[in-house]
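Colleague: Pasting a structure here, questions to come.
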Amino acid sequence: MSSLLQAASLTACNTAFKQDSRSCQSKRSSLRSSARLHKPFVGDRVAQRQASQPRAVCRTPTVCISKVGEAEFQSEVLKSDTPVLVDFWATWCGPCKLIEKPLANMEKELDGKLKIVKVEADPNPGLVEKYKVYGLPTLVVFKDGKVLDGSQREGAISEAELRKYLDKWEVGN
-8 MSSLLQAASL
2 TACNTAFKQD
12 SRSCQSKRSS
22 LRSSARLHKP
32 FVGDRVAQRQ
42 ASQPRAVCRT
52 PTVCISKVGE
62 AEFQSEVLKS
72 DTPVLVDFWA
82 TWCGPCKLIE
92 KPLANMEKEL
102 DGKLKIVKVE
112 ADPNPGLVEK
122 YKVYGLPTLV
132 VFKDGKVLDG
142 SQREGAISEA
152 ELRKYLDKWE
162 VGN
């Protein structure tokens, strides 16, 4: 019996209890024993058993895209030996979230050849003003401590477009 039918039978049994208490008690005991046999809450037991075990083991190295502010910008971006792609973003920006995966994939692919840094726009208004960030997300390429002319790009970007964008500025080659 399904648990829904059991509940309906118990409800009917409760209303009929006043009429015939002996037959109702026998129905209740048979319903309880059949409920124990069917164990309708199997999912709960499985979830409890799995809660104590780790779900997976990560064997691939994790990608670390640095999040910097005005204090770290000088050392992380301007004094970097490798080219740096700076992503100006915000927590409330939907398109900023869309480009997280392509950026992470490029960071993994170009490890050591290109550094990707994220600058949150709201707490860093000085950097936003200095680099004339008018829309989010904005990508800017820095090489040898300077912005590459014309490298500033606004809006979401696919992984293929990101590759073309970086190839255009000859970074990561």
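Quick note on this note's numbering: the sequence shown kicks off at -8 and runs consecutively. Glycine is no exception: its CB is placed at the ideal position from the N, C-alpha and C atoms.
In terms of residue numbering, what span does the beta strand (DSSP E) encompassing Glu111 cover?
Modeller: Sequence index remark: in the sequence shown, residue 111 carries index 120 (1-based). First-last of the beta strand (DSSP E) with Glu111: 106 to 111.
Colleague: Are the Cβ atoms of Glu63 and Gly117 separated by less than 8 Å?
Modeller: Here residue 63 is taken as the residue at index 72 of the sequence shown, counted from 1. Here residue 117 is taken as the residue at index 126 of the sequence shown, counted from 1. Their beta carbons are not under 8 Å apart, which means Glu63 does not touch Gly117 by this criterion.
Colleague: I need the boundaries of the beta strand (DSSP E) containing Asp158, first residue and last residue.
Modeller: Residue 158 sits at position 167 when you count from the first residue of the sequence shown. Premise fails: Asp158 lies in the alpha helix (DSSP H), 150 to 159, not in any beta strand (DSSP E).
Colleague: If distances are taken between C-alpha atoms only, which option among Trp80, Pro93, Glu91 comes closest to Asn115?
Modeller: Along the sequence shown, one-based indexing puts residue 115 at 124. Of the listed residues, the one whose Cα sits closest to Asn115 is Trp80.
Colleague: Beta carbon of Val132, beta carbon of Val59: below 8 Å?
Modeller: On the sequence shown, residue 132 is found 141 positions in, with the first residue counted as 1. On the sequence shown, residue 59 is found 68 positions in, with the first residue counted as 1. Not a contact, by the Cβ cut-off of 8 Å.
Colleague: Residues in the same chain with beta-carbon distance under 7 Å from Glu67, minus the five sequence neighbours each way, listed in chain order, please.
Modeller: What you label residue 67 is simply residue 76 of the sequence shown in a count that begins at 1. Correct list, in chain order: Ser57, Val59, Val108.
Colleague: Look up Ser66 in the DSSP assignment and say whether it is helix, strand or coil.
Modeller: Stepping through the sequence shown from its first residue, residue 66 is reached at position 75. Ser66 falls in the helix class under three-state DSSP.
Colleague: Strictly by DSSP, which residues pair up with Val132?
Modeller: Counting from 1 along the sequence shown, the entry for residue 132 is found at position 141. Beta-bridge pairing links Val132 to Leu76.
Colleague: One question on the structure: do Lys106 and Val75 come within less than 8 Å of each other, judged by their Cβ atoms?
Modeller: The residue given as residue 106 occupies position 115 in the sequence shown. The residue given as residue 75 occupies position 84 in the sequence shown. Going by C-beta atoms, Lys106 is nearer than 8 Å to Val75.
Colleague: From Asp78 to Asp158, what distance separates their C-alpha atoms?
Modeller: Counted from its first residue, the sequence shown places residue 78 at position 87. Counted from its first residue, the sequence shown places residue 158 at position 167. Their backbone Cα atoms lie some 17 Å apart in a straight line.
Colleague: Hey, out of Ile90, Gln143, Leu101, Lys88, whose CA is closest to Leu130's CA?
Modeller: The residue given as residue 130 occupies position 139 in the sequence shown. Closest by alpha carbon: Gln143.
Colleague: Could you give the distance in angstroms between the alpha-carbon of Glu152 and the alpha-carbon of Lys121?
Modeller: Here residue 152 refers to the residue found at position 161 when the sequence shown is read from its first residue. Here residue 121 refers to the residue found at position 130 when the sequence shown is read from its first residue. Rounded to whole angstroms, Glu152 to Lys121 spans 26 Å at the Cα level.
Colleague: Verify whether the separation of the beta carbon atoms of Gly126 and Gly146 is less than 8 Å.
Modeller: Along the sequence shown, one-based indexing puts residue 126 at 135. Along the sequence shown, one-based indexing puts residue 146 at 155. Cβ atoms of Gly126 and Gly146: closer than 8 Å.
Colleague: Give the secondary structure of Val119 by DSSP, where H, G and I count as helix, E and B as strand, and everything else as coil.
Modeller: On the sequence shown, position 128 is the one that residue 119 refers to. Val119 falls in the helix class under three-state DSSP.
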